[in-house]
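I have placed the structure first, in the form of C-alpha cells, so that the comments after it can refer back to it.
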Amino acid sequence: VELEESVRFYGINTLESGDPDPVRRALAEASGAFVRQRLQNATVIYLQSPPDGRNTETYGRYLGWIWYDGKLVNYEVVLAGYSQNFYNDPTDSLVYNGVTLNEWFRRAESIARASRLGIWAL
Numbered sequence: 001v002e003l004e005e006s007v008r009f010y011g012i013n014t015l016e017s018g019d020p021d022p023v024r025r026a027l028a029e030a031s032g033a034f035v036r037q038r039l040q041n042a043t044v045i046y047l048q049s050p051p052d053g054r055n056t057e058t059y060g061r062y063l064g065w066i067w068y069d070g071k072l073v074n075y076e077v078v079l080a081g082y083s084q085n086f087y088n089d090p091t092d093s094l095v096y097n098g099v100t101l102n103e104w105f106r107r108a109e110s111i112a113r114a115s116r117l118g119i120w121a122l
C-alpha cells in the first residue's frame, strides 16, 4: 500500500535534498535512501501520533512516529547521524523497554556524535 499523503517525522529534521552544498545534499539523499530501504522492506508500518496530540504540522503533512516491524525509524535516523535529536517530552510520557523516549533519543544523538556519523562528520 502506498501512502498518498506526506508524513513529517516527529522529533527529527534531516537535511534538505535541494541543499546547494553537494556534501549536505548527498547526506540528505543518503538519509532518504536509509528511510526508504527500511520502509520498503517492512512487513508492518505504523504511524503513531505524537504525545502532544498534534496530527498535522504547519504544511498540512501528517506528523508522527513511524514504526516498522517494531522499530522506530525516527530514532534510527538520529542514531545513524542523519538528524539531530529534536524530540523533547517534558512529561517523559512515552517509555519503551523501560527507558523514556527522551533518553533513547539523547543516547542516539550521543552515539552518532561520538562516532562522527552523518551530519556529525561534517
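Numbering (our numbering), first residue to last: 1 to 122. For each residue, glycine too, the CB sits at the ideal point set by N, CA and C. Note that the coordinates shown come from a computational prediction; the quantities given were computed from them, not determined experimentally.
Close beta carbons around residue i, own chain, < 7 Å, minus the five adjacent residues each side
| i | result |
| --- | --- |
| residue 89 | 51, 101 and 102 |
| residue 54 | 63 |
| residue 113 | 120 |
Unbroken alpha helix (DSSP H) run spanning residue i, endpoints
| i | result |
| --- | --- |
| residue 64 | Note, residue 64: premise wrong, no alpha helix (DSSP H); beta strand (DSSP E) at 62-68. |
| residue 34 | 22-40 |
| residue 88 | Looking at the DSSP string, residue 88 is not in any alpha helix (DSSP H), and its letter there is neither H nor E. |
| residue 74 | 73-79 |
Assigned secondary structure, residue i (DSSP; H/G/I helix, E/B strand, else coil)
| i | result |
| --- | --- |
| residue 45 | strand |
Segment limits, beta strand (DSSP E) that includes residue i
| i | result |
| --- | --- |
| residue 116 | Premise fails: residue 116 is in no beta strand (DSSP E) and is neither H nor E. |
| residue 8 | 7-9 |
Counted within 10 angstroms of its Cβ, other Cβ atoms place residue i as buried (16 or more) or exposed
| i | result |
| --- | --- |
| residue 70 | exposed |
| residue 109 | buried |
| residue 80 | buried |
| residue 59 | exposed |
| residue 127 | It is not possible to answer for residue 127, since the shown part of the chain is limited to 1 through 122. |
| residue 93 | exposed |
Residues of its chain near residue i, where Cβ-Cβ distance is below 8 Å and the 5 sequence neighbours each way are ignored
| i | result |
| --- | --- |
| residue 39 | 45, 66, 68 and 73 |
| residue 7 | 47, 61, 62, 63, 64 and 66 |
Residues of its chain near residue i, where Cβ-Cβ distance is below 6 Å and the 5 sequence neighbours each way are ignored
| i | result |
| --- | --- |
| residue 43 | 69 |
| residue 15 | 24, 27 and 28 |
beta-carbon residue i near the ligand PLP non-hydrogen atom, thresh 6 Å
| i | result |
| --- | --- |
| residue 12 | You won't find the ligand PLP in this model; it holds no ligand whatsoever. |
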